[in-house]
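Taking it in order: structure first as C-alpha coordinates, then the write-up.
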Amino acid sequence: MTEFFSPEAMTALLQVIMIDLVLAGDNAIVIGLAAAGLPK
(Lines of atoms letter the chains of each structure in order from A and count residues from 1; the text may use other names and numbers.)
(Lines give C-alpha, C1' and ligand atoms only; values in the text may rest on other atoms or scores of the structure.)
Protein backbone atom coordinates (compact mmCIF):
# COMPACT_ATOMS: atom_id res chain seq x y z
CA MET A 1 0.00 0.00 0.00
CA THR A 2 2.87 2.38 0.66
CA GLU A 3 3.96 2.26 -2.99
CA PHE A 4 0.94 4.45 -3.83
CA PHE A 5 2.39 7.28 -1.74
CA SER A 6 5.97 7.12 -3.00
CA PRO A 7 7.43 10.25 -4.65
CA GLU A 8 7.50 8.46 -8.01
CA ALA A 9 3.81 7.57 -7.76
CA MET A 10 2.86 11.12 -6.76
CA THR A 11 4.89 12.54 -9.67
CA ALA A 12 3.21 10.15 -12.11
CA LEU A 13 -0.23 11.05 -10.75
CA LEU A 14 0.48 14.77 -11.07
CA GLN A 15 1.67 14.30 -14.65
CA VAL A 16 -1.50 12.43 -15.58
CA ILE A 17 -3.66 15.15 -14.01
CA MET A 18 -1.78 17.91 -15.84
CA ILE A 19 -2.05 16.10 -19.20
CA ASP A 20 -5.78 15.60 -18.60
CA LEU A 21 -6.28 19.31 -17.87
CA VAL A 22 -4.34 20.34 -20.98
CA LEU A 23 -6.32 18.01 -23.22
CA ALA A 24 -9.63 19.12 -21.69
CA GLY A 25 -8.71 22.75 -22.37
CA ASP A 26 -7.79 21.89 -25.93
CA ASN A 27 -11.16 20.21 -26.44
CA ALA A 28 -12.97 23.28 -25.08
CA ILE A 29 -11.15 25.53 -27.55
CA VAL A 30 -11.96 23.26 -30.51
CA ILE A 31 -15.64 23.02 -29.53
CA GLY A 32 -15.80 26.79 -29.08
CA LEU A 33 -14.32 27.39 -32.51
CA ALA A 34 -16.71 24.89 -34.09
CA ALA A 35 -19.72 26.41 -32.32
CA ALA A 36 -18.73 29.92 -33.38
CA GLY A 37 -19.19 28.93 -37.01
CA LEU A 38 -22.74 27.64 -36.55
CA PRO A 39 -25.65 29.77 -37.74
CA LYS A 40 -27.90 31.31 -35.12
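The numbering used here runs 127 ahead of the 1-based position in the sequence shown. Beta carbons are placed, not taken as given, at the ideal position from N, Cα and C, and that holds for glycine.
query                                                                                                  : result
Can you tell me whether Leu-141 is helix, strand or coil according to DSSP?                            : helix
What's the C-alpha gap between Ile-144 and Asp-153?                                                    : 14 Å
Rounded to whole angstroms, what's the CA-CA distance from Gly-164 to Thr-138? Just pull it up for me. : 40 Å
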